[in-house]
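Participant: I am attaching a structure below and will ask some questions about it afterwards.
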Amino acid sequence: MPSAVEVRGLVKRYNELAAVDGIDFVVPEGSVFAFLGPNGAGKTTTTEILEGLRNRTSGEVRVLGLDPWTDGKELHHQIGVIPQEFRFFEKITPKEAIVYYGRLFGTRPDPATLLEQVQLTDKSNSRFDTLSGGQKQKLGLALALVDEPRVCFLDEPTTGLDPHARRAIWEVVRDLKREGRTVFLTTHYLEEAELLADQVAIINHGRIAARGAPSDIIRTYGGPERLRVQGPPELAEYLRQKLGIVVRYDSGRLKTDLQSPADALRILSVIDSSGLPWSGFATESDTLEDVFVHLVGQMDDGVLKSAGSKAAEAR
Amino acid sequence: MNPRRIGADLQIVARGYFRNPIALFFSLIFPIILIALFGLIFANTAAATVTVYTQDFDHSPTSVAFLQALNQTQVVKVQIVGASVGNLSTYLGQNGDPTGLVIPQGFGQSFREHRPVNVILYTNPQDASASGTVEGAVQGVISAFNLQAACGQNTSGNCTPVIGSTNLNVGGQAYTYIDYLVPGLIGFTILTSPMFSMVDVTATYRKEGLFRQLSLTPLTRGEWLASRFIWYTLITFASAGIMLAMGTFVFGAHITASLWLLPFLIAGPLFFVSLGMLAGTVAKTPETAAVIGNVITFPMMFLSGTFFPVSSFSPGLQFFAKILPLYYVIDGMNQVLLFNNIPRALGDLAVVLIGGVIIFVLAISLFKWRGE
Chain A
1 MPSAVEVRGL VKRYNELAAV DGIDFVVPEG SVFAFLGPNG AGKTTTTEIL EGLRNRTSGE
61 VRVLGLDPWT DGKELHHQIG VIPQEFRFFE KITPKEAIVY YGRLFGTRPD PATLLEQVQL
121 TDKSNSRFDT LSGGQKQKLG LALALVDEPR VCFLDEPTTG LDPHARRAIW EVVRDLKREG
181 RTVFLTTHYL EEAELLADQV AIINHGRIAA RGAPSDIIRT YGGPERLRVQ GPPELAEYLR
241 QKLGIVVRYD SGRLKTDLQS PADALRILSV IDSSGLPWSG FATESDTLED VFVHLVGQMD
301 DGVLKSAGSK AAEAR
Chain B
1 MNPRRIGADL QIVARGYFRN PIALFFSLIF PIILIALFGL IFANTAAATV TVYTQDFDHS
61 PTSVAFLQAL NQTQVVKVQI VGASVGNLST YLGQNGDPTG LVIPQGFGQS FREHRPVNVI
121 LYTNPQDASA SGTVEGAVQG VISAFNLQAA CGQNTSGNCT PVIGSTNLNV GGQAYTYIDY
181 LVPGLIGFTI LTSPMFSMVD VTATYRKEGL FRQLSLTPLT RGEWLASRFI WYTLITFASA
241 GIMLAMGTFV FGAHITASLW LLPFLIAGPL FFVSLGMLAG TVAKTPETAA VIGNVITFPM
301 MFLSGTFFPV SSFSPGLQFF AKILPLYYVI DGMNQVLLFN NIPRALGDLA VVLIGGVIIF
361 VLAISLFKWR GE
């Protein structure tokens, strides 16, 4: 699959501070790529370099084969962008905004279709300054689609939105993928990335901590699957003595790591035969959020410098 | 420059403008209120005794009689000032006095010998009521002298006026306050509409990231600025039309409509749209931009001849006024509308155009859509 975005050794410095410190990643065309990281990690700087809004200090960047900084005018006909907090002229309605963008791009978009796509039909004639935060983001999304972009950059498009509005944006992202467009998504919401993205990259302190498919990253960086049972502390002690395993007890809950699914059956059998009271068992594994917190914590503590290719290598 | 994109942006600006009552008020309605207010105030000022500062260079019985007659009208009071004050016009300007009269040397002899002689009357268009009163009184006394002295001795009955008057202010002609107010208020619109708006828009759009969003479209900085320039030129045309119509038909201003006005209605907005953008660009925040905008705009608003002719200022203030670009816009329009002095108007226009182009180039080079 051809690449929509290619980044090699990208560095962006502000005086001595390296906001982006030599990162590499590739986004295949037609995929949804989520770029994750805590505040100040370098997400927005990277995204703005890809959009052609900011120049880089060094490194190679190609979006649809074009250099975003020098080929910006050509590139901007092929990408759509929603910034973190979309702004527009206050007294202009969504319908007028779409017509305006159409005239700037030299296209004739149908405002009704675009507004329906982003679920903003009922506000088509409302002035921008009367729209809610979610409605403004939806208009931003509609405007990003005016020129039929091949790549959409969505910079934290759901931050601050209510669950209903967030799900509406998710649906649009899925539609874009179905239409074969590439989506480059930055987000704080790990659940969002896990639900929508084919590939993710986690960035912290300007370096990539991990990249790959969400399931690969969880498998590589997450802990083992765990069995969770509700019971008294005596049961935890019983299992330690009987099976010689590590059992963690906290507020009526026992947790132990599983080496394989069959372990769960064996442990439950021992629990059942203990004669001690127990209830409510379940197995659980790390989410992308658990892995994110873990990796970012390791980088903050200096344990992990950069582990960019570990997930990819694991596959 | 793509006309389609400029047109699209212009339409957005116009929509935003017409949906913003405050912007509309200050651009089009406020100047109307000003002209109505000033016009009515000066039109309705009650007549009272007006002091006429007089230099009598003749000191003849005729000149003394002339001044006594003037005093006897009861509407003016002659106040003699010596030749030591120098040029009376300058003296009046420096002291803020509205009217003055000069009796030239040889006045009495000319009068006796029936040779034409003129007194020089200075009036100030700021004070139309006082000027009118003094003009009326002086003309009345002149008529009486001509009739009694000249015609009375002329047995043929052929009354040739001997005494005349030269009515002067800075322009060399008698103009009313409203005559100066019309170009002044057109200048007011040329200055305030683009300056206040462009300073705010430039700083706010940059802070809110709207310019960065626009940079992701094919619209260029030059096209964006062009659409603003066209819009404020249209606003200026509308305002100028209203001012000229109100001044002429409501307040009877003595102005001559001329196509030479048009270059000023284009060069003026070019200058101040660019200056507003430059001020908004160099300021780090919208708050700082507002302060910079006010520091530039307010002195210019009052010291460039907008409400009061610059000729009525002290020499120091006149010097300062001539540093201000709006002075050349208003002076140029005065030359076109009042004095028909096209060569001087072209000089003013050159100053505005050259300054406008420099500011435009500076603004466009410092103004960035996107960051490094």
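In order, the protein sequences belong to chains A and B.
According to the numbering used here, the first sequence holds residues 1 to 315 in order.
According to the numbering used here, the second sequence holds residues 1 to 372 in order.
Using N, Cα and C, we set each Cβ at its ideal position, and we do this for glycine too.
Checking contacts by CB at 9 angstroms: is Glu51(A) closer than that to chain B?
Facilitator: So yes, Glu51(A) belongs to the interface.
Participant: Return the CA-CA distance between Gly268(B) and Tyr327(B), expressed in angstroms with no decimal places.
Facilitator: Each residue's Cα considered, the two are about 11 angstroms apart.
Participant: Can you tell me the Cα-Cα spacing of Asn15(A) and Asn39(A), whole angstroms?
Facilitator: Distance between the alpha carbons of Asn15(A) and Asn39(A): 20 angstroms.
Participant: Phe33(A): which of Arg248(A), Val99(A), Arg8(A), Asp155(A) sits nearest, CA to CA?
Facilitator: For the residues Arg248(A), Val99(A), Arg8(A), Asp155(A), the minimum Cα distance to Phe33(A) belongs to Asp155(A).
Participant: Three Cβ pairs or more, each shorter than 8 angstroms: is that satisfied between the stretch 63-82 of chain A and the stretch 149-168 of chain A?
Facilitator: Yes, the stretch 63-82 of chain A touches the stretch 149-168 of chain A.
Participant: Which runs of the beta strand (DSSP E) fall wholly inside the stretch 244-299 of chain A and span at least 3 residues, in chain order?
Facilitator: List check, beta strand (DSSP E) in window: 248-250, 253-257, 279-284.
Participant: Under 8 angstroms, with one C-beta from each stretch per pair, do the stretch 57-75 of chain B and the stretch 101-109 of chain B reach the 3-pair mark?
Facilitator: At 8 angstroms Cβ cutoff, the stretches touch.
Participant: Looking at Leu254(A) and Gln230(A), is the spacing between their C-beta atoms short of 9 angstroms?
Facilitator: A contact, by the Cβ cut-off of 9 angstroms.
Participant: Near Phe251(B), what residues of its chain come up, given a Cβ to Cβ distance below 6 angstroms and the 5 sequence neighbours on each side ignored?
Facilitator: Around Phe251(B): Gly39, Ile178.
Participant: Can you tell which of Lys136(A), Gln119(A), Glu85(A), Leu64(A) has the C-alpha that lies nearest to the C-alpha of Ala97(A)?
Facilitator: Nearest of Lys136(A), Gln119(A), Glu85(A), Leu64(A) to Ala97(A), Cα basis: Lys136(A).
Participant: Consult DSSP for Glu194(A) and reduce its assignment to one of helix, strand or coil.
Facilitator: If DSSP states are grouped into helix, strand and coil, Glu194(A) belongs with the helices.
Participant: Identify the contact partners of Gly96(A) in chain B, using a Cβ-Cβ distance below 7 angstroms as the criterion.
Facilitator: Going by the sequence as given, residue 96(A) is Glu instead of Gly. By Cβ distance, chain B contributes Arg15.
Participant: Can you grab the Cα-Cα spacing for the pair Met301(B) / Lys123(A), in whole Å?
Facilitator: Near 42 angstroms, if we compare the C-alpha coordinates of Lys123(A) and Met301(B).
Participant: With a 10 Å radius around its C-beta and 16 neighbouring C-beta atoms as the bar for buried, classify Ile359(B) as buried or exposed.
Facilitator: Counting Cβ neighbours within 10 Å, Ile359(B) comes out buried, since at least 16 surround it.
Participant: Can you list, in chain order, the residues of its chain whose CB lies under 7 angstroms from that of Gly184(B), leaving out five sequence neighbours each side?
Facilitator: Excluding positions up to five away in sequence, the list reads Gly305, Thr306, Phe307, Ile330.
Participant: Please classify Leu295(A): is it buried, with 16 or more other beta-carbons within 10 angstroms of its beta-carbon, or exposed?
Facilitator: With 16 or more other Cβ atoms within 10 Å, it is buried.
Participant: Taking only three categories from DSSP, how would you classify Thr256(B)?
Facilitator: Three-state DSSP puts Thr256(B) in coil, outside helix and strand.
Participant: Starting from Asn294(B), find everything on chain A with Cβ-Cβ shorter than 9 angstroms and list it in chain order.
Facilitator: Result: empty, since nearest Cβ-Cβ is about 23 angstroms, beyond 9 angstroms.
Participant: Give a yes or no on whether the minimum CB-CB distance between Gly222(B) and chain A is below 9 angstroms.
Facilitator: Not an interface residue.
Participant: Can you list, in chain order, the stretches of the alpha helix (DSSP H) that have 4 or more residues and sit fully within the stretch 58-145 of chain B?
Facilitator: Complete alpha helix (DSSP H) runs here, min 4: 61-72, 88-95, 107-112, 128-145.
Participant: List the endpoints of the continuous beta strand (DSSP E) containing Val295(B).
Facilitator: Premise fails: Val295(B) lies in the alpha helix (DSSP H), 286-303, not in any beta strand (DSSP E).
Participant: Distance check for Thr233(B) and Val318(A), CA to CA, integer angstroms please.
Facilitator: No information on residue 318(A) is available, as it lies outside the stretch 1 to 315 that chain A covers here.
Participant: Comparing alpha-carbon positions, which option in Asn146(B), Ile142(B), Lys368(B), Lys322(B) lies nearest Val351(B)?
Facilitator: Out of Asn146(B), Ile142(B), Lys368(B), Lys322(B), Lys322(B) has the C-alpha closest to the C-alpha of Val351(B).
Participant: In its own chain, which residues sit with a C-beta less than 6 angstroms from the C-beta of Gly140(A), not counting the 5 before and 5 after it?
Facilitator: Within the same chain, Gly140(A) has close Cβ partners Ile82, Phe86.
Participant: With Met195(B) and Gly293(B) assumed to form a contact (beta carbons below 8 angstroms), what rounded beta-carbon distance in angstroms separates them?
Facilitator: With a Cβ gap of about 6 angstroms, Met195(B) and Gly293(B) count as contacting.
Participant: Quick one: grab the DSSP three-state call for Thr44(A).
Facilitator: In the structure shown, Thr44(A) sits in a helix (DSSP, three-state: H, G or I).
Participant: What does the alpha-carbon distance come out to for the pair Tyr91(B) and Leu214(B)?
Facilitator: Tyr91(B) and Leu214(B): Cα-Cα distance of roughly 57 angstroms.
Participant: Take the Cβ of Asn334(B) as the centre, count every other Cβ of all protein chains shown within 10 Å, and call the residue buried at 16 or more, exposed below.
Facilitator: The residue in question, Asn334(B), is buried, as its Cβ has 16 or more Cβ neighbours within 10 Å.
Participant: Give the residues of chain B in contact with Lys73(A), contact being defined as C-beta atoms less than 8 angstroms apart.
Facilitator: Residues of chain B passing the Cβ test: Pro218.
Participant: Could you tell me how far apart the beta carbons of Leu75(A) and Leu66(A) are, in whole angstroms, since I believe they sit closer than 8 angstroms?
Facilitator: Contact flag correct, Cβ pair sits at about 5 angstroms.
Participant: Under 8 angstroms by Cβ, that's how I've got Lys138(A) and Ala112(A) pegged, so tell me the actual separation to the nearest angstrom.
Facilitator: Lys138(A) to Ala112(A), Cβ: 14 angstroms. No contact.
Participant: Run through chain A and tell me which residues come within less than 7 angstroms of Ile12(B), C-beta to C-beta.
Facilitator: Going along chain A in sequence order, the residues near Ile12(B) (Cβ under 7 angstroms) are Phe89, Ile92, Tyr100.
Participant: Could you tell me which of Ser285(A), Phe89(A), Glu179(A) sits nearest to Thr204(B), measuring between CA atoms?
Facilitator: Nearest of Ser285(A), Phe89(A), Glu179(A) to Thr204(B), Cα basis: Phe89(A).
Participant: Less than 9 angstroms between CB atoms is the rule here; does Arg5(B) satisfy it with respect to chain A?
Facilitator: By this cut-off, Arg5(B) is an interface position.
Participant: For the stretch 198-216 of chain B, enumerate the residues whose C-beta is nearer than 9 angstroms to any C-beta of chain A, in chain order.
Facilitator: Those would be Tyr205, Glu208, Gly209, Leu210, Arg212, Gln213, Leu214, Ser215, Leu216, in chain order.
Participant: Give a yes or no on whether the minimum CB-CB distance between Thr45(B) and chain A is below 9 angstroms.
Facilitator: Note that Thr45(B) has pLDDT 42, beneath the 50 cutoff, so the model's placement of it is unreliable and the number below is only indicative. Chain A contact via Cβ: absent.
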